[in-house]
Structure formats: structure tokens, C-alpha cells
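Trainee:
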Amino acid sequence: MLRRLLSFVAPPRCIVCGAAIDSPSQLLCLPCLGALPRAMLHRMPSNPVRDILDNAVAPPLLTAAWMNYRHDSPYAHIVRKAKYSSRPSLSRYAARLFATELAADSPEFADIDVLLPVPMHWRKNLGRGFNQAEFVAKGIADVGRSAVADNLIAVRPHATQTHRSRSERLQNLSGTMKLIAPHELEGLNIAIVDDVITTGATLTECVAAISAAARPASISAISLAIR
Ligand SMILES: [Zn+2]
Numbered sequence: 009m010l011r012r013l014l015s016f017v018a019p020p021r022c023i024v025c026g027a028a029i030d031s032p033s034q035l036l037c038l039p040c041l042g043a044l045p046r047a048m049l050h051r052m053p054s055n056p057v058r059d060i061l062d063n064a065v066a067p068p069l070l071t072a073a074w075m076n077y078r079h080d081s082p083y084a085h086i087v088r089k090a091k092y093s094s095r096p097s098l099s100r101y102a103a104r105l106f107a108t109e110l111a112a113d114s115p116e117f118a119d120i121d122v123l124l125p126v127p128m129h130w131r132k133n134l135g136r137g138f139n140q141a142e143f144v145a146k147g148i149a150d151v152g153r154s155a156v157a158d159n160l161i162a163v164r165p166h167a168t169q170t171h172r173s174r175s176e177r178l179q180n181l182s183g184t185m186k187l188i189a190p191h192e193l194e195g196l197n198i199a200i201v202d203d204v205i206t207t208g209a210t211l212t213e214c215v216a217a218i219s220a221a222a223r224p225a226s227i228s229a230i231s232l233a234i235r
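Numbering follows our numbering, with no gaps: position 190 of the sequence shown is 198.
1. Can you find the residues in the same chain that come closer than 6 Å, C-beta to C-beta, to residue 147, ignoring five residues on each side of it along the sequence?
2. I need the straight-line Cα distance from residue 66 to residue 54, nearest angstrom please.
3. Let me have the residue list for ligand 1: C-beta closer than 5 Å to any non-hydrogen atom, ordered along the chain.
4. Check this for me: beta carbons of residue 201 and residue 141, under 8 Å apart or not?
5. Just curious, the alpha helix (DSSP H) that residue 76 is in, first and last residue?
6. Check residue 159 in the structure and name its three-state DSSP category.
7. Taking 8 Å as the cut-off, does the region 163–179 touch the region 77–96 (at least 3 CB pairs, one atom from each stretch)?
8. Return yes when the Cβ of residue 113 is within less than 8 Å of the Cβ of residue 154, no when it is not.
9. Using C-beta distances below 8 Å, list every residue in its chain close to residue 137, excluding the 5 sequence neighbours before and after it, in chain order.
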């Protein structure tokens, strides 16, 4: 009832073009969904994300990103509005749409057992109130048989990554993450999940933390966007 009343007052709109849509969980109108700048990483035998995973303790199974991120594109709203307008459910809706496509297009998707969201230090989490990577992971878990786990944690905060080169970012992040209860991931197909992969420094640090402690069967990376 309340939802119907709300949709009368403020009907759900496409996050990209603003056209009316039936339900907020659709996120995009059909034309915008069709024209989404898909990254299709999972179909590329070699890609920058896979290069990072190649340094891990276990082989990669799947590298996937929904779209190519461009700051000046209206599609950037999908990531930015979730993060900066305190609407984390947008990340979950987007991840659900992405995972539905992935499930149909990538046989490896069904083999993922555990989703590890890129962790956010509690102090930053306190400021924002949520970790958007967690919502992306939840949206993926809504579609597949995988489960979201919190074994990857941020043990200390780091300074902002903005305006830093890749090597500076790596240095800034070094030692910020840790894997707890690593035995729980033994022999499983795990996936690191984030909202945006920019230089890959965060992913590299996650891979290092996992490789130092656990022996999973494979390590994948799934993100909503890649820059
Ligand atoms: Zn639209």
C-alpha cells in the first residue's frame, strides 16, 4: 500500500535518462539497459583484471565487470548515486541485473561459492553508513547460489586514493587488509567483489591478503564497473 502510494507521488525513474519505469528494482529503462556500455571482461581471455589475479595463490576462474565507467557518462549515476546519495540499494539492483546477464553468458558464474566484498575500514563505514561493495555482493548472491562472506577485513584505514598513481595507491594500501578464518575458504571458488575497479590497486591488495593466508580453489573478481 505504502509502496503504491509512494510510486504515485514519486514514480520510479530510470537512473540514466529519467524515463518512468515500473519498479525501482528495474533501475534502467529498456533502451538504456540495451545501450549500457558493457565491458564484457568475462569473454576476454586476457584483460587487466586477469593480469592481477594471475599473481594470486590460486588461478582465476572468472573476471567480470558490467560496464566501462566514464565519469562524464550518465551511466556513472549507477555507481555514483549509490555511493554519494546514500542509496546502496541501487548497487544491489544493478548487481542483480548484471548477475542475471552473467549467469546466462558465463558457465563459470555458477561455480562461484563465496563472494568477498572489498572491505571498508569501520571508521569510513561509520561516516558513510554502508559499504557499497557489500550491496553489490548481495545483489550477485540474489541471483546465483553463492554466499556473501565477511572473511576479508580492513585492519587499518588508508589515506584517500584520489590523485595518486597506481604505485602510490599500492603503497598506500599495503597491509590494510587481512583475511580472517582462512580455513573457511579452503578449496572453494571465491570471488572478490567491488563496485568499481579503477587502477586495480585495491584488488591487488585483496589478492595479496587472501594469498598470504588461504588456499582456495580459484580467485575471481567481479565488479559493477571498470575504469
Ligand atoms: Zn533510461
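Here a beta-carbon is modelled for each residue, glycine too, at the ideal position from N, C-alpha and C.
Mentor: Per the coordinate set shown:
1. 100, 103 and 104
2. 17 Å
3. 22, 24, 25, 27, 37 and 40
4. yes
5. Per DSSP, residue 76 belongs to no alpha helix (DSSP H); it is in the beta strand (DSSP E), 71–76.
6. coil
7. no
8. no
9. 94
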